[in-house]
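A.B. asks: Just so we're aligned: the sequence shown equals residues 1 to 284 in full-length UniProt numbering. Cβ atoms here follow ideal geometry from the backbone N, Cα and C, with glycine treated the same way. Note that the structure is predicted; figures quoted are calculated from it, not measured. Just dropping this structure here.
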Amino acid sequence: MVEIAYAGPDEREEVAQFMNRVFHRAKWDIDGWRRLVAGRWCGPMGRYAITVRDEGEMVGVLGLVYAERMTSQGPRTTADMTSWYVLKDYRGGGVGQKMLRLATADPDVTVTNFSSAKAAVQVLEKAGLVVLDKERLVWHPRDAAALVVHDDPLALGDRLPEKDRRIVADHQGLKLRHLAVETPDGLCTLVIYPQKKHDEYVTHEVMYCGNQGAFAAHAGAIAATVLPAREAILSLDRRFAREGITPDEVREFATPRFCQQGLLDFSEIDMLYSECVLLDIKIH
Numbered sequence: 001m002v003e004i005a006y007a008g009p010d011e012r013e014e015v016a017q018f019m020n021r022v023f024h025r026a027k028w029d030i031d032g033w034r035r036l037v038a039g040r041w042c043g044p045m046g047r048y049a050i051t052v053r054d055e056g057e058m059v060g061v062l063g064l065v066y067a068e069r070m071t072s073q074g075p076r077t078t079a080d081m082t083s084w085y086v087l088k089d090y091r092g093g094g095v096g097q098k099m100l101r102l103a104t105a106d107p108d109v110t111v112t113n114f115s116s117a118k119a120a121v122q123v124l125e126k127a128g129l130v131v132l133d134k135e136r137l138v139w140h141p142r143d144a145a146a147l148v149v150h151d152d153p154l155a156l157g158d159r160l161p162e163k164d165r166r167i168v169a170d171h172q173g174l175k176l177r178h179l180a181v182e183t184p185d186g187l188c189t190l191v192i193y194p195q196k197k198h199d200e201y202v203t204h205e206v207m208y209c210g211n212q213g214a215f216a217a218h219a220g221a222i223a224a225t226v227l228p229a230r231e232a233i234l235s236l237d238r239r240f241a242r243e244g245i246t247p248d249e250v251r252e253f254a255t256p257r258f259c260q261q262g263l264l265d266f267s268e269i270d271m272l273y274s275e276c277v278l279l280d281i282k283i284h
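Right, dumping it as structure tokens:
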């Protein structure tokens, strides 16, 4: 009999080993899968995956990066979908749909998907997810006067808003740049993910933007401040852009980002607390 359920704490290693076995093209080893299912931010809920078992044997899994996180509306729970696989003999009978139904059933959780393949778009839409964003704004290096930047925002203490302090603290030890930029309109906290997506330049993806109004007003100067070289660009998803922002160019994603709507404003659904930062995934 096929059983679909949330994985328990004692199943973490089995889930990691299953993922390591079935995802042949993954660019990380078993330690990466263990990092994914460790539940770094999951809080007391403890969820990290949905499993499918047939007579006790694991035949499918859907990774979920749960996070108990701070927002402007107070604490909220998000769950980023990742690493979905069902053995071939169990496909086509509705197992996958039941997994997604369980993953999206909790009305107090906002489910996201930032790195889906094009082939999965219809599946996500059928599960009730909607397009979160379709394009990014881009800035190139420039010689404009640079602003003052702090590369250890936590050292600013209470100058840093409580929400920003929590987000920066939650993402220590990952391959991210944590910055606080002094602008004429106040401090702007940024969490940036440098990625070599193209041979010509490095994309510095803004994963979190604290003071979105200040960023919009001073985006060019911020780009001049935070880009480390001419062979780099600064990228910000459209939903984080406030009125009046002026990018150097706009680029469409190869595949849109998706989420459940209702609990959080789209401008608060950033790409932290996700598989992207845990597994160093290139964000399309």
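(1) Taking only the alpha-carbon atoms, compute the straight-line gap between Thr77 and His24 and give it to the nearest angstrom.
(2) Report the rounded CA-to-CA distance for residue 285 versus Gln122, giving the unit in angstroms.
(3) Check the DSSP bridge columns for His178 and list the partner residues they point to.
(4) Go ahead and label Gln73 buried or exposed: buried means 16 or more other beta carbons lie within 10 angstroms of its beta carbon, across all protein chains shown.
(5) CB-CB under 8 Å to Arg165, same chain, minus the five flanking residues each way: which ones, in chain order?
(6) Are the region 112-131 and the region 202-210 touching by the rule of at least three beta carbon pairs closer than 8 Å?
(7) Can you look up Glu243 in the DSSP assignment and give me helix, strand or coil?
(8) To which residues does DSSP link Val86 through a beta bridge?
(9) By the 10 Å Cβ neighbour count, where 16 or more other Cβ atoms means buried, how is Pro1 classified, buried or exposed?
(10) Along the chain, where does the beta strand (DSSP E) containing Phe253 start, and where does it finish?
(11) From the DSSP output, read off the bridge partner residues of Trp139.
(12) Going straight from the alpha carbon of Phe240 to that of Glu268, what length do you get?
(13) Could you give the DSSP three-state label for Lys134: helix, strand or coil?
(14) Helix, strand or coil: which one does DSSP assign to Val121?
(15) What is the rounded straight-line gap between the Cα of Leu278 and the Cα of Val22?
(16) Which residues bound the alpha helix (DSSP H) around Asp164?
(17) Counting pairs of beta carbons, one from the region 246-253 and one from the region 83-98, are three or more of them closer than 8 Å?
C.D. replies: From the atom records:
(1) A straight line joining the alpha-carbon of Thr77 with that of His24 spans about 31 Å.
(2) In the structure displayed, the chain extends from 1 to 284; residue 285 sits before or after that span and is not available.
(3) His178 pairs with Val191.
(4) Under this definition Gln73 is an exposed residue.
(5) Result list for Arg165: Pro153 and Leu154, in chain order.
(6) The region 112-131 vs the region 202-210: no contact.
(7) Residue state for Glu243 is assigned as coil, using DSSP reduced to three classes.
(8) Val86 pairs with Gly60.
(9) Looking at the sequence itself, residue 1 is Met, so the reference to Pro does not match. Exposed, because fewer than 16 other Cβ atoms sit within 10 Å of the Cβ of Met1.
(10) That run of the beta strand (DSSP E) goes Glu249 to Cys259.
(11) In DSSP, Trp139 forms a bridge with Leu234.
(12) Cα-Cα distance, rounded: 8 Å.
(13) Strand.
(14) The three-state reading of DSSP puts Val121 in helix, counting H, G and I together.
(15) Between Leu278 and Val22, the C-alpha separation is close to 19 Å.
(16) Looking at the DSSP string, the run of the alpha helix (DSSP H) that includes Asp164 is Glu162 to Asp170.
(17) By the C-beta criterion, the region 246-253 is judged not to be in contact with the region 83-98, since fewer than 3 inter-stretch pairs fall below 8 Å.
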